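S.K.: Residue numbers (my numbering): 1313 to 1576. A virtual CB, placed ideally from N, CA and C, is assigned to each residue, including glycine. The structure presented is a predicted model; accordingly, all values stated were derived computationally and were not measured. Below: one structure in structure tokens.
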């Protein structure tokens, strides 16, 4: 068994999901604060009491829609967002018992939508304007979703073979399985957004060509690589960039040899 096969055995999600009963019981602990500090602490401004209350009333579709309306990559964020420092850290129940498990409830709702193949949004009435987006990571996908809901014709140009950016390639699978990011991409595609993968601007298509096809261009290229620290040894054989190493595990292209924590 090679190194990649051994890693795959340990790449199942570490954090267990809530069962339906656990999710309902946890949602019923929420006080549904009027001036909810958890919303203020959420960088994407999700109406947290609303989506939790919908879980308690068995309206899981409505819960997932509330989450994804505010955050088009809400399923990914449910797994990787530092909730203990943000929304859960601001929960008023910290002063008496334990905070609501907001991240796990968010995962429960979005997982339900994923497993039940729910389409959460519809494309708006068509507008005769075309938008090109360079980059299919979280920013590009979020922009495309908002524009498509308003009725714009949208095309995403993505250099990698799959869209999703760091959510797809930059986070280890035991924290964020690729299937979760794929579902978020599919939610955007189902709005009629054209996502052209393996399309590197400047090589496969010129910027001028893109500009000639669209009324407006959005640059959402993100940060595909980590800049060098200019330290001795960082360019030696066997020294790997962390994000590129994680990306290689997602593409079944792990460098050999790679053994142990220190690679030796």
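In chain order, what residues of the same chain have a beta carbon less than 6 Å from the beta carbon of residue 1438, not counting five sequence neighbours either side?
M.R.: Within the same chain, residue 1438 has close Cβ partners 1463.
S.K.: Looking at the secondary structure, which residues open and close the beta strand (DSSP E) in which residue 1386 lies?
M.R.: For residue 1386, there is no enclosing beta strand (DSSP E); the enclosing alpha helix (DSSP H) has its first and last residue at 1386-1392.
S.K.: With residue 1530 as the anchor, note down where its beta strand (DSSP E) starts and where it stops.
M.R.: Going by DSSP, residue 1530 is part of the beta strand (DSSP E) stretching over 1528-1531.
S.K.: Could you tell me the boundaries of the alpha helix (DSSP H) in which residue 1479 lies?
M.R.: 1478-1481
S.K.: Which value, in whole angstroms, describes the spacing of the CA atoms of residue 1459 and residue 1502?
M.R.: 13 Å
S.K.: Please name the residue, chosen from 1419, 1475, 1440, 1552, that lies closest to residue 1527 on a Cα-to-Cα basis.
M.R.: Nearest in C-alpha terms to residue 1527, of all of 1419, 1475, 1440, 1552, is 1440.
S.K.: Going by the beta-carbon positions, is the gap between residue 1326 and residue 1486 smaller than 8 Å?
M.R.: Their beta carbons are under 8 Å apart, which means residue 1326 touches residue 1486 by this criterion.
S.K.: Tell me which residues share the same chain as residue 1366 and place their Cβ nearer than 6 Å to its Cβ, disregarding the 5 neighbours each side in the sequence.
M.R.: Here the set comprises 1374, 1375.
S.K.: Just how far apart, CA to CA, sit residue 1407 and residue 1342?
M.R.: Here the C-alpha atom of residue 1407 lies approximately 14 Å from the C-alpha atom of residue 1342.
S.K.: Would you list the residues sitting across from residue 1465 in a DSSP beta bridge?
M.R.: Note: residue 1465 sits in a beta bridge opposite 1442.
S.K.: Would you mind stating whether residue 1338 and residue 1417 have Cβ atoms separated by less than 8 Å?
M.R.: yes
S.K.: Does the Cβ-Cβ distance between residue 1448 and residue 1477 come in under 8 Å?
M.R.: Less than 8 Å separates the beta-carbon of residue 1448 from that of residue 1477.
S.K.: Expressed to the nearest angstrom, what Euclidean distance is found between the alpha-carbon atoms of residue 1331 and residue 1423?
M.R.: For the pair residue 1331 and residue 1423, the Cα-to-Cα distance works out to about 11 Å.
S.K.: I'd like to check one pair, residue 1358 with residue 1351: are the Cβ atoms closer than 8 Å?
M.R.: yes
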